[in-house]
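**Student:** Which chain is which? The protein sequence lines are B and E, in order. Under my numbering, the first residue of the first sequence carries the number -11, and numbering increases by one thereafter. Under my numbering, the first residue of the second sequence carries the number 4, and numbering increases by one thereafter. Take this structure, written in structure tokens, and hold onto it; I'll ask about it next.
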Amino acid sequence: MEIAFYIAGAVAIVATLMVITRHNPVHALLYLNVSLLAHAMLFYLLGASFAALLEIIIYAGAIMVLFIFVVMLLNLGKETAEQERKWLKLKVWAGPTMLAAILFAEFLALVLSSRQSTYSPAVVSPREVAVSLFREYLIGVELAAMLLMAAVVGAAHIGRHKKLVLHRFLKEEKEREEEKQEEMVL
Amino acid sequence: MNEILKYTLMIVIILFTLTTIAAWLIWLERRMLALWQDRYGPNRAGPFGLFIVVADTIKLFFKEDWIPPFAEKAVFVFAPAIVAAAVLLSFVVVPFAPDILVADLDIGLLFFLAMSSLGVYSIVLGGWASNNKYSLLGALRGASQMISYEVFMGLSLMGVVMLSGSFRLTDIVMAQKDLWFVVTQPVAFVLFLTAGIAETHRLPFDIPEAESELVAGFHSEYSGMKFGMFFIGEYLGIILISAMVVTIFFGGWLGPFLPPVVWFTLKTFVFIVFFILLRASLPRPRYDQLMEYGWKIILPIALLNLLVTGAFTLLKN
């Protein structure tokens, strides 16, 4: 099973690199999706099957679809790809690469100094996840729920828009209605 | 080694049976539709017209497999494979009988939901890669429809999970030894079936491909066996949803006298025919009606069902 772990890890790394270097946004998102699936595989191999499946259902299956949805609507053509190509010049790469290299060196030093296999899967059943979520981390769950509620209210507010009335008679009628509503509020 | 051989053989047999049945469903659908509309349907090739499927398949294979020059080639070729692969992967967890199943995962139900959520990509990418207005519209409709109905699909099943106390499908089947979940969770059954029809984008919820407004929606530009893949994926989806309804709400393989596989097949067949009957009898709703119906009616009912089930389970303990 350790081999499967390394294969999934390699896929995740390669896919993530492809996400950064693609010029076409939809292709980049598809690679991001592959990366998420590889991460789900890693979770599963480490024994966290519940987290793995939630990763697929929520990230790969819902959030990424919405991402692609939006990018599709934007209809980014060749100009955007050209712009991306301009942005991805070697000069731009230098700074981030150096910083990342420092981090990577540090990480390597840490891993090499500990010198033990870190692959030790412990199977966690969905029941255990639920118990720890609703006992130990109950406050966290409640806070997350409140945050999500705020997001829903915000989205509903942004999504609400006044009906555009083009016909003059209808417009009068609508204005009258609005006046009535204002009176009621007062 | 013996274990591996056994499972490999099982996978091969299940794959072969499923794809064959999915192909023959085309014949079944046409014959049943004909029956309900008082005509004969395909009855020339072979006994009862059974060989029409063979003829159709041969025709599909020899058709020109055309990729439009304006299409996004890699994604265009890749898209039809996703739907068939995702649906076939879901069958990994379906318990056909106590000893006929590929993997008895302790998160089987979630695995099914995950795979059905990946099926959306096929529509979205197929529509986008075709670079065609109708396809794009179909893809947009498909994406929003399937994401919305996935939510209710998951929520409606959670009541069953509460009652059986497990995500494992064999446990869910065994929990129905005395009473089917359709009796204790009738609301969940109706919601799941509705969501299942929307997930497989079958009539009356076939608005991503609504031929009277969008030519053929997301697969307008597809031809040959690539179109065939979408087609097979759709029929496999029907089998999958029927099999899941049977497993979760109708006691799976459980039943007196007959062997378990026969019971499972019989029950699944009933639901497959029900899918076809729906196509024969219901008109297609408008797109905004579908979305409104989902978010304003089904979602509150699913949440209420969850609440009531939770309260009951709590009181019983």
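Idealized CB from N, CA, C, for every residue including glycine.
Can you find the residues in the same chain that come closer than 7 Å, C-beta to C-beta, to A305(E), ignoring five residues on each side of it along the sequence?
**Tutor:** Answer for A305(E): F155, L158, S159 and L194, listed in chain order.
**Student:** Please classify A77(E): is it buried, with 16 or more other beta-carbons within 10 angstroms of its beta-carbon, or exposed?
**Tutor:** Burial call: exposed.
**Student:** Under the rule that 16 or more other beta-carbon atoms within 10 Å means buried, what is Y19(B), buried or exposed?
**Tutor:** That one is buried.
**Student:** Under the rule that 16 or more other beta-carbon atoms within 10 Å means buried, what is N5(E), buried or exposed?
**Tutor:** Burial call: exposed.
**Student:** Measuring only between beta-carbons, confirm whether L113(E) sits less than 9 Å from chain B.
**Tutor:** At least one chain B Cβ lies under 9 Å of L113(E).
**Student:** So, is Q71(B) buried or exposed, given that buried needs 16 or more other C-beta atoms within 10 angstroms?
**Tutor:** Exposed.
**Student:** Taking the continuous alpha helix (DSSP H) assigned at A305(E), which residues delimit it?
**Tutor:** Per DSSP, A305(E) belongs to the alpha helix (DSSP H) from L302 to K319.
**Student:** By the DSSP assignment, the alpha helix (DSSP H) with S147(E) in it spans what residues?
**Tutor:** K136 to S167 is the extent of the alpha helix (DSSP H) around S147(E).
**Student:** Nearest-angstrom Cα distance between F143(E) and M(-11)(B)?
**Tutor:** Before going further, note that residue 143(E) is Leu rather than Phe in the sequence given. C-alpha separation (whole angstroms): 40 Å.
**Student:** Comparing the C-beta of F233(E) with each C-beta of chain B, is any distance below 9 Å?
**Tutor:** No, because no Cβ of chain B sits closer than 9 Å to the Cβ of F233(E).
**Student:** Along the stretch 34 to 54 of chain B, where does the CB come closer than 9 Å to a CB of chain E? Name the residues.
**Tutor:** Listed by position along the chain: S37, F38, A40, L41, L42, E43, I44, I45, I46, A48, G49, A50, M52, V53 and L54.
**Student:** Just confirm the distance between the C-beta atoms of A106(E) and V90(E), as a whole number of angstroms; I'd bet it's less than 8 Å.
**Tutor:** Going by Cβ atoms, the distance from A106(E) to V90(E) rounds to 16 Å, so no, they are not a contact pair.
**Student:** In chain B, which residues lie with their C-beta within 8 Å of the C-beta of D291(E)?
**Tutor:** The contacting residues do not exist; D291(E) stays about 14 Å from chain B at best.
**Student:** Need the endpoints of the alpha helix (DSSP H) that M29(B) sits in, please.
**Tutor:** Run containing M29(B): P13 to L33, per the alpha helix (DSSP H) assignment.
**Student:** Should the stretch 35 to 49 of chain B be called in touch with the stretch 88 to 103 of chain B, which here means at least 3 C-beta pairs below 8 Å?
**Tutor:** Verdict: no, contact absent.
**Student:** Determine, for H11(B), whether the minimum Cβ-Cβ distance to residues of chain E falls below 9 Å.
**Tutor:** Answer no: the Cβ-Cβ gap between H11(B) and chain E never drops below 9 Å.
**Student:** Near R171(E), what residues of its chain come up, given a Cβ to Cβ distance below 6 Å and the 5 sequence neighbours on each side ignored?
**Tutor:** Here the set comprises D109 and G111.
**Student:** What residues are listed by DSSP as bridge partners for I103(E)?
**Tutor:** BP columns for I103(E) point to A100(E).
**Student:** Counting only the same chain and skipping the five closest in sequence on each side, list residues whose C-beta sits under 7 Å from that of S93(E).
**Tutor:** F115, M118, S119 and L243.
**Student:** Are M29(B) and A(-8)(B) close, meaning C-beta to C-beta below 9 Å?
**Tutor:** A contact, by the Cβ cut-off of 9 Å.
**Student:** For W131(E), which residues in chain B fall below 7 Å Cβ to Cβ?
**Tutor:** By Cβ distance, chain B contributes V14 and M60.
**Student:** Anything in the stretch 141 to 160 of chain E with a Cβ closer than 9 Å to a Cβ of chain B? List those residues in chain order, please.
**Tutor:** For the stretch 141 to 160 of chain E, which is checked against every Cβ of chain B, the residues closer than 9 Å are A142, L143, A146, S147, M149, I150, E153, V154 and G157.
**Student:** May I have the straight-line CA-CA distance separating V176(E) from F277(E), to the nearest angstrom?
**Tutor:** Between V176(E) and F277(E), the C-alpha separation is close to 22 Å.
**Student:** Quick one: which residues of the stretch 112 to 146 of chain B get their C-beta closer than 9 Å to a C-beta of chain E? List them in chain order.
**Tutor:** From the stretch 112 to 146 of chain B, only S113, P114 and R115 have a Cβ closer than 9 Å to chain E.
**Student:** Nearest chain E C-beta to L30(B) closer than 9 Å, yes or no?
**Tutor:** Not one chain E Cβ lies under 9 Å of L30(B).
**Student:** What number of angstroms, rounded off, separates the C-alpha of P13(B) from the C-alpha of V59(B)?
**Tutor:** Near 7 Å, if we compare the C-alpha coordinates of V59(B) and P13(B).
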